[in-house]
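In this note's numbering, the protein residues as written are 2 to 780.
A virtual CB, placed ideally from N, CA and C, is assigned to each residue, including glycine.
The next block holds one structure in the form of structure tokens; read it before the comments.
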Amino acid sequence: MQLTSRLSVSLIVGVAAVSMAFAFYQTRAQSQGMQRDLEQQALTLGDSLARAVEPLLAAGSFDQLQKLVELFKDRETVAGVAAYNASGIPLVATEGLFALLGGTPNSVVQALRNGWAKAEFITTGAGAQLHVAAVPLRSGAAIIGALAIVHDTAYIDTRTAALWRRAILGVIVQTLVIVGITLLAVRFTVGRPLGHMTQWLRELRTHGASAPLTAGGDFEPLAREVKQIATSLSAARAAAQEEARLRHTAEATWTTERLRIFVEGRLGGTRLFAISNREPYEHRHHAGGIESVMPASGLVTALEPILRACDGTWIAQGTGDADRDTVDAGDHVRVPPDHPQYTLRRVWLTEEEERGFYYGFANEGIWPLCHIAHTRPVFRAEDWRYYRDVNRKFAHALLHEIATEAYPVVLVQDYHFALLPAMIKLERPDARVAIFWHIPWPNPEAFGICPWQRELLDGLLGADLIGFHIQAHCNNFLDSVDRGLESRIERERFAVNRAGHLTLVRPFPISVAPEQTDAVARMDELPHIERSSLLAALGVRATFMGVGVDRIDYTKGIPERFRGIEEFLENWPVYRGQLTFVQIGSPSRTEIARYHDLIHEVESEADRINRRFQTSEWKPIVLLKRQHSHREILPYYRAADFCLVTSLHDGMNLVAKEFVAARDDEHGVLILSRFTGACHELTDALLINPYDTAEIAESIRRALEMPPRERLERMRRMRTVVRERNIYRWAGNLIGELCAVRTEADAPPLLVTDEPSAGRTLLDRSEKPLLPWVGGGTG
Ligand code: G6P
Numbered sequence: 002m003q004l005t006s007r008l009s010v011s012l013i014v015g016v017a018a019v020s021m022a023f024a025f026y027q028t029r030a031q032s033q034g035m036q037r038d039l040e041q042q043a044l045t046l047g048d049s050l051a052r053a054v055e056p057l058l059a060a061g062s063f064d065q066l067q068k069l070v071e072l073f074k075d076r077e078t079v080a081g082v083a084a085y086n087a088s089g090i091p092l093v094a095t096e097g098l099f100a101l102l103g104g105t106p107n108s109v110v111q112a113l114r115n116g117w118a119k120a121e122f123i124t125t126g127a128g129a130q131l132h133v134a135a136v137p138l139r140s141g142a143a144i145i146g147a148l149a150i151v152h153d154t155a156y157i158d159t160r161t162a163a164l165w166r167r168a169i170l171g172v173i174v175q176t177l178v179i180v181g182i183t184l185l186a187v188r189f190t191v192g193r194p195l196g197h198m199t200q201w202l203r204e205l206r207t208h209g210a211s212a213p214l215t216a217g218g219d220f221e222p223l224a225r226e227v228k229q230i231a232t233s234l235s236a237a238r239a240a241a242q243e244e245a246r247l248r249h250t251a252e253a254t255w256t257t258e259r260l261r262i263f264v265e266g267r268l269g270g271t272r273l274f275a276i277s278n279r280e281p282y283e284h285r286h287h288a289g290g291i292e293s294v295m296p297a298s299g300l301v302t303a304l305e306p307i308l309r310a311c312d313g314t315w316i317a318q319g320t321g322d323a324d325r326d327t328v329d330a331g332d333h334v335r336v337p338p339d340h341p342q343y344t345l346r347r348v349w350l351t352e353e354e355e356r357g358f359y360y361g362f363a364n365e366g367i368w369p370l371c372h373i374a375h376t377r378p379v380f381r382a383e384d385w386r387y388y389r390d391v392n393r394k395f396a397h398a399l400l401h402e403i404a405t406e407a408y409p410v411v412l413v414q415d416y417h418f419a420l421l422p423a424m425i426k427l428e429r430p431d432a433r434v435a436i437f438w439h440i441p442w443p444n445p446e447a448f449g450i451c452p453w454q455r456e457l458l459d460g461l462l463g464a465d466l467i468g469f470h471i472q473a474h475c476n477n478f479l480d481s482v483d484r485g486l487e488s489r490i491e492r493e494r495f496a497v498n499r500a501g502h503l504t505l506v507r508p509f510p511i512s513v514a515p516e517q518t519d520a521v522a523r524m525d526e527l528p529h530i531e532r533s534s535l536l537a538a539l540g541v542r543a544t545f546m547g548v549g550v551d552r553i554d555y556t557k558g559i560p561e562r563f564r565g566i567e568e569f570l571e572n573w574p575v576y577r578g579q580l581t582f583v584q585i586g587s588p589s590r591t592e593i594a595r596y597h598d599l600i601h602e603v604e605s606e607a608d609r610i611n612r613r614f615q616t617s618e619w620k621p622i623v624l625l626k627r628q629h630s631h632r633e634i635l636p637y638y639r640a641a642d643f644c645l646v647t648s649l650h651d652g653m654n655l656v657a658k659e660f661v662a663a664r665d666d667e668h669g670v671l672i673l674s675r676f677t678g679a680c681h682e683l684t685d686a687l688l689i690n691p692y693d694t695a696e697i698a699e700s701i702r703r704a705l706e707m708p709p710r711e712r713l714e715r716m717r718r719m720r721t722v723v724r725e726r727n728i729y730r731w732a733g734n735l736i737g738e739l740c741a742v743r744t745e746a747d748a749p750p751l752l753v754t755d756e757p758s759a760g761r762t763l764l765d766r767s768e769k770p771l772l773p774w775v776g777g778g779t780g
């Protein structure tokens, strides 16, 4: 309001001043124009009249002259005409004119003296406003007198006054119209979006929720920024409230804030460093510039909230085509891009390195080795060499980052970096190093087929702490060490002592950050979308909906899942036309033939089953084959009757936990493979053997026909598990356990070698390798 009135006053003053100046200029110009016209007219009249007067004056015909000048009596604007002799003495004039003039005008004197016409405006002694145009009268070359044409100029003043009146009226109307239009325009283009934003913020403040905020046009960037700040404030407020609640109820639930305080306390000023192959944000070029994308990865889902909470440094491979354009000279970039909270340090790999290390050894070797999904691992010596070199490259990057940190805490992630713990420890025995293995660890017989099993175990045992999702993986690991290496296994405390270095082996079931999904929903970025609308957008009509979300990976059992759905429709035909299963599948590792072929298999299974049952407006399976963001997936989680997780083998499976976290309505049924880590915690899911399609079919039926009360109670219990055993607890336990470890920083090098390491480091590229496998001895 205040803004509008201030704007109106300034507009009125501004517009009025400009219009007034313009009106003044215009009116003055018109008045001057009238004077010029009058002068022109008078001189023309004087010239033509002089031709008639000159012979009469030369002949001394004063009577004639008097008659002539009397012709100008009672004219509208002409006051009269007067004739003077060569000395300026008045001779004849229209009646009353000499009295009006009150003397010989200066213009007459000038005309007689100079011999050319002269005009002037005068005000007589009696106050009359006149215009006198004096023209010399000649006889031959001699000037014999002058003729004065006198106009009454009062009409110019009258007309000028009328012009002024009109101009002022114009100024007023113009000012009102311009100010009015401007205020209206401001109100619609500025006031509305601002008002909308204010209302949105007020609702957010008072109710903690608000409708989606859109401002449109030039205000969209501002709206985005407002939304961003509001989201952060809202999350901070929610965290503070949650903290207060937890303190009040003395609950031990981990939150982002609690983790931050905990880590701060444990690290005592040291920063946290995480290393993984997959980066949390990939920058990609697209038509409008550069966009950042979060890759589909359980590891990223889990680790991201921790780095945010602790402002650490995450070292990962730069894989986006715009990644190099977004880092600084030290290959760092602050992320998340919209709201930076921690540092991402990118490491660059060549194509050959990526092929050998990532596609080759990690994903054609270790991945199928550790997942018992009946895809045979492929081990190539060349891949192994790349694996070792890339581990070394990442070790260099990390050592550079921690160069100035004393007793740094390092969290190495996953099967891509089995050799890294030993490499780091050799250089920095003071570092506290943990590695978390995000995938299963197989039994010793299965693991034993790897030609480099000893090297992998040795690399891992460089860590102070090795984490797996579940106890069974820890047991398998200890058994593999038992079989593969000379060491002392301390089973009572789950530790391995190898040449004096102790490695603890512990289960840390990974999880999700429940409040993250809640926060997204709370901000109502995602208004609840009805199931029917979601399906309609996919071109189908159905009463029930199931959902599956996976990378397209042979360990996820996607074809088995589709066959389970087929069997369900065979066994319970009443559900034909009723149930649609939406499979969100993100293509993954497609350079590997097995993955490439799998995409084809998944597509053709979906096609085959659809062709068998589909009608004009319904089909049983909708395959959405592209990477979807969490935000895109959330509406499907929230609208589904059930979520189907059929992994043939899975370390944990975070989709199961994400689904539960998304169900704040406490509805929905989780159907979960017995071969996932998650099934040990989510015991209220319907547990299935994914190889048994009849069991999948039966559990779909159970999910759809489950009494609402049972469904609610199961979901409620699972939500309690996910809320309490969340990702902050995972990180807190892992970091807490790691910080409690006593490092051998002062002790002699702890690395297990088959050769003495005296004074040399693993990172030396000297002729004789420190460890046989580092130099490629076994390769
Ligand atoms: C699993 C692995 C992660 C990996 C993710 C995605 O969750 O444990 O390390 O990042 O799959 O696979 P990708 O090969 O695309 O990184």
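Item: Is any heavy atom of the ligand G6P found at a distance shorter than 7 Å from the C-beta of isoleucine 440?; Value: yes
Item: Please state whether the Cβ-Cβ distance between glycine 47 and leucine 92 is less than 8 Å.; Value: no
Item: Taking the C-alpha atoms as reference points, what is the distance between alanine 17 and valine 178?; Value: 11 Å
Item: To the nearest angstrom, how far is the alpha carbon of histidine 397 from that of glutamate 491?; Value: 32 Å
Item: Going by beta carbon distance, what residues of the same chain come within less than 7 Å of glutamine 27, once the five residues before and after it are set aside?; Value: Ala168
Item: Taking the C-alpha atoms as reference points, what is the distance between serine 6 and leucine 164?; Value: 32 Å
Item: Hey, would you say the C-beta of leucine 300 is under 7 Å away from at least one heavy atom of the ligand G6P?; Value: yes
Item: Per DSSP, which residues does leucine 268 bridge with? Please list them.; Value: Paired residue(s): none; leucine 268 is not in a bridge.
Item: For arginine 595, verify whether its CB is less than 7 Å away from any heavy atom of the ligand G6P.; Value: no
Item: On the DSSP letters alone, give me the boundaries of the beta strand (DSSP E) that aspartate 551 sits inside.; Value: 545 to 552
Item: Check isoleucine 13 in the structure and name its three-state DSSP category.; Value: helix
Item: In three-state terms, what does DSSP make of tryptophan 453?; Value: coil
Item: What do you get for threonine 351, buried or exposed, if any count of 16 or more other CB atoms within 10 angstroms of its CB means buried?; Value: exposed
Item: DSSP three-state call for phenylalanine 614: helix, strand or coil?; Value: helix
Item: Over the uninterrupted alpha helix (DSSP H) stretch that includes alanine 84, give me the two end residues.; Value: Here alanine 84 belongs to no alpha helix (DSSP H); instead the beta strand (DSSP E) covers 79 to 86.
Item: For the putative contact between tryptophan 453 and tryptophan 385, defined by C-beta atoms under 8 Å, what is the C-beta separation to the nearest angstrom?; Value: 6 Å
Item: For serine 277, is the classification buried or exposed, using 16 other Cβ atoms within 10 angstroms of its Cβ as the cut-off for buried?; Value: buried
Item: Cβ of asparagine 278 versus every heavy atom of the ligand ADP: is any distance shorter than 7 Å?; Value: With respect to the ligand ADP, the structure offers nothing, as its ligand set consists of the ligand G6P.
Item: Any heavy atom of the ligand G6P within a distance shorter than 7 Å of the CB on proline 691?; Value: no
Item: Using only the heavy atoms of the ligand G6P, determine whether one of them is closer than 7 Å to the beta carbon of arginine 590.; Value: yes
Item: Between the segment 580 to 592 and the segment 504 to 515, are three or more C-beta pairs nearer than 8 Å?; Value: no
Item: With DSSP collapsed to three states, give me the class of threonine 215.; Value: coil
Item: Using three-state DSSP, classify isoleucine 403 as helix, strand or coil.; Value: coil
Item: Tell me which same chain residues have a C-beta within less than 8 Å of the C-beta of alanine 241, skipping the five on either side of it?; Value: Glu258
Item: Please report the straight-line C-alpha distance between threonine 183 and leucine 223, rounded to a whole angstrom.; Value: 22 Å
Item: Between which two residues does the alpha helix (DSSP H) containing histidine 287 stretch?; Value: First-last for histidine 287: 283 to 287, but that is the beta strand (DSSP E), not the alpha helix (DSSP H).
Item: Given the structure, does arginine 356 come close to the ligand G6P, in the sense that its CB is under 7 Å from one of the ligand's heavy atoms?; Value: no
Item: Does DSSP put glutamine 579 in a helix, in a strand, or in coil?; Value: coil
Item: What does a CB cutoff of less than 7 Å around arginine 577 pick up in its chain, not counting 5 residues either side in sequence?; Value: Leu570 and Phe614
Item: Kindly provide the ranges of any beta strand (DSSP E) runs that are 3 or more residues long and lie completely inside the segment 154 to 241, ordered along the chain.; Value: none
Item: Drop a sphere of 10 angstroms on the beta-carbon of asparagine 572, count the other beta-carbons inside from all chains shown, and report buried for 16 or more, exposed for fewer.; Value: exposed
Item: What does DSSP give as the partner residues of cysteine 644 in its beta bridges?; Value: Val548 and Leu671
Item: Quick check on the DSSP output: the alpha helix (DSSP H) that includes isoleucine 728 runs from which residue to which?; Value: 728 to 741
Item: Take arginine 114 and list the residues in its own chain whose beta-carbon comes closer than 8 Å to its own, dropping the five residues that flank it on each side.; Value: none
Item: On the premise that proline 691 lies in contact with leucine 735, defined as a C-beta separation below 8 Å, what is that separation, rounded to the nearest angstrom?; Value: Actually they do not touch by this definition, with Cβ atoms about 29 Å apart.
Item: The beta strand (DSSP E) that contains glutamate 491, what's its start and end?; Value: 489 to 491
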